[in-house]
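*Asks:* Can you read through this structure? Questions will come right after.
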Amino acid sequence: MSAHSRRDLMAPPPLDADDCDAARCGCGRGARRDGALWRVALAELVGTALLVLLSCLAACAPGAAALPLHRALAAGFVVTALVQTLDHISGAFFNPTVLLAAVLWGRVGGRRALALGGAQLAGAVLGAGALHALQPAAAASCVTRPAPGLPLHEAALIECVLGGCLALANCGAWDPRSAERRDSWPTRIGLTVAALSLVAGELTGASMNPARSFGPALWSGAWDHHWIYWVSPLSGSLMCTLVYIAAWRPLPLPLPPGPRKARPPQEARDASEDA
Numbered sequence: 010m011s012a013h014s015r016r017d018l019m020a021p022p023p024l025d026a027d028d029c030d031a032a033r034c035g036c037g038r039g040a041r042r043d044g045a046l047w048r049v050a051l052a053e054l055v056g057t058a059l060l061v062l063l064s065c066l067a068a069c070a071p072g073a074a075a076l077p078l079h080r081a082l083a084a085g086f087v088v089t090a091l092v093q094t095l096d097h098i099s100g101a102f103f104n105p106t107v108l109l110a111a112v113l114w115g116r117v118g119g120r121r122a123l124a125l126g127g128a129q130l131a132g133a134v135l136g137a138g139a140l141h142a143l144q145p146a147a148a149a150s151c152v153t154r155p156a157p158g159l160p161l162h163e164a165a166l167i168e169c170v171l172g173g174c175l176a177l178a179n180c181g182a183w184d185p186r187s188a189e190r191r192d193s194w195p196t197r198i199g200l201t202v203a204a205l206s207l208v209a210g211e212l213t214g215a216s217m218n219p220a221r222s223f224g225p226a227l228w229s230g231a232w233d234h235h236w237i238y239w240v241s242p243l244s245g246s247l248m249c250t251l252v253y254i255a256a257w258r259p260l261p262l263p264l265p266p267g268p269r270k271a272r273p274p275q276e277a278r279d280a281s282e283d284a
């Protein structure tokens, strides 16, 4: 990673020039997501499909492979691999919870967010469909549900906390001060997902991802308490991202004044005559 000046570190992250207000956010200066929208959406579709397929395969494996530790590590490593593969193309969101945080942060504009969100849902359906083709009973076993006996309000609060923690992890990575770190961004996010899955996997399934819950629910027809996996992680992402922006996001330093432009000849003559 190349060294950055202090001004570069404190500047806001590059944004989508085609989707945001240049006067408000300074778009167009080295925008990171410079690919055509269909390429970016395709990367989100493929990444989300693989996320659902691979993480759910771990949940339906027999014996020791179905242990909570195995499922959590599998989810974390799958996220690490996919972020490493597709981050430079689409930002590797693969999750409406993270996408909402990116919109609030200013990394993704409204039009692109709608396209990426649709691609994520389509990818989740395709991934769950591939899972159904490989393991016909797997989609039902991969549906996220609150644990038996867990009150719904507790399940909702747990998913809200998980979604908020995932949003905070991404905000911390997007913070320009993190540019000085020499570690692996995909590994950071993958370990975060694994840790949150270990904490709450046996309680709510630790979805943190409405798309991840939507695909298997659609294929299995199991919609019991499905609203929890939309309302809660998105609410947690909304609250925690706004808190990070308000309390901890650094303000960009003002740009140095540029060279003064020479006045047109007529203007200069008028000024001379006035003097």
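So for the sequence shown, the numbering used here puts the first residue at 10; every next one is plus one.
The beta carbon of each residue, even a glycine, is placed where N, CA and C say it ideally should be.
Report yes if the CB atom of Val87 is closer than 8 Å to the CB atom of Leu60, and no otherwise.
*Replies:* In the sequence shown, residue 87 corresponds to position 78, counting from 1. In the sequence shown, residue 60 corresponds to position 51, counting from 1. Yes; because the gap between Cβ atoms is below 8 Å, this pair is in contact.
*Asks:* Pull up the distance between the alpha-carbon of Val92 and that of Pro195, whole angstroms please.
*Replies:* Residue 92 sits at position 83 when you count from the first residue of the sequence shown. Residue 195 sits at position 186 when you count from the first residue of the sequence shown. Taking the straight line from one Cα to the other gives about 5 Å.
*Asks:* Looking at C-beta atoms only, is the number of pairs between the stretch 79-86 and the stretch 201-216 that lie closer than 8 Å three or more?
*Replies:* Enough Cβ pairs lie closer than 8 Å, so yes.
*Asks:* With the cut-off set at 8 Å, would you say Thr95 and Ala52 are in Cβ contact?
*Replies:* Reading the sequence shown from its first residue, position 86 is the one you call residue 95. Reading the sequence shown from its first residue, position 43 is the one you call residue 52. The displayed chain sequence assigns Leu, not Thr, to residue 95. It is a contact, given that the beta carbons lie within the stated cut-off.
*Asks:* Beta-carbon of Met217 versus every beta-carbon of chain C: anything under 8 Å?
*Replies:* Among the protein chains of the structure shown there is no chain C, as only one such chain exists.
*Asks:* By the 10 Å Cβ neighbour count, where 16 or more other Cβ atoms means buried, how is Ala32 classified, buried or exposed?
*Replies:* As a working note, residue 32 is residue 23 in the sequence shown. Since pLDDT at Ala32 reaches only 30, below the 50 mark, its modelled position is unreliable, and the value read off the structure follows with that caveat. Classification of Ala32: exposed, given that the 10 Å Cβ count is below 16.
*Asks:* I'd like the list of long-range same chain contacts for Ala101, defined as Cβ closer than 7 Å, with 5 residues on each side in sequence excluded.
*Replies:* Your numbering for residue 101 matches position 92 in the sequence shown. Result list for Ala101: Gly56, Leu91, Val92 and Leu95, in chain order.
*Asks:* Distance, Cα to Cα, Gly119 vs Pro71?
*Replies:* The sequence position of residue 119 within the sequence shown is 110, counting from 1. The sequence position of residue 71 within the sequence shown is 62, counting from 1. Taking the straight line from one Cα to the other gives about 43 Å.
*Asks:* Using the Cβ count rule (16 or more neighbours within 10 Å means buried), how would you classify Ala58?
*Replies:* Along the sequence shown, one-based indexing puts residue 58 at 49. Per the 10 Å Cβ criterion, buried.
*Asks:* Determine the DSSP secondary structure at Trp183, reduced to helix, strand or coil.
*Replies:* Start at 1 with the first residue of the sequence shown, and residue 183 comes out as number 174. Correct three-state label for Trp183: helix.
*Asks:* Using three-state DSSP, classify Pro225 as helix, strand or coil.
*Replies:* Locating residue 225 in the sequence shown gives position 216, where the first residue counts as 1. Pro225: helix per DSSP, three-state reduction.
*Asks:* What residue does the alpha helix (DSSP H) around Cys69 start on, and which one ends it?
*Replies:* Within the sequence shown, the letter at position 60 stands for residue 69. First-last for Cys69: undefined, no H or E at that position.
*Asks:* Output yes or no for whether 8 Å exceeds the beta carbon distance between Ser241 and Cys169.
*Replies:* Stepping through the sequence shown from its first residue, residue 241 is reached at position 232. Stepping through the sequence shown from its first residue, residue 169 is reached at position 160. The answer is yes: Cβ separation under 8 Å.
*Asks:* Going by CA-CA distance only, name the one from Val49, Val252 and Arg154 that's closest to His97.
*Replies:* Residue mapping note: residue 97 aligns to position 88 of the sequence shown, counting from 1. The option with the nearest alpha carbon to His97 is Val49.
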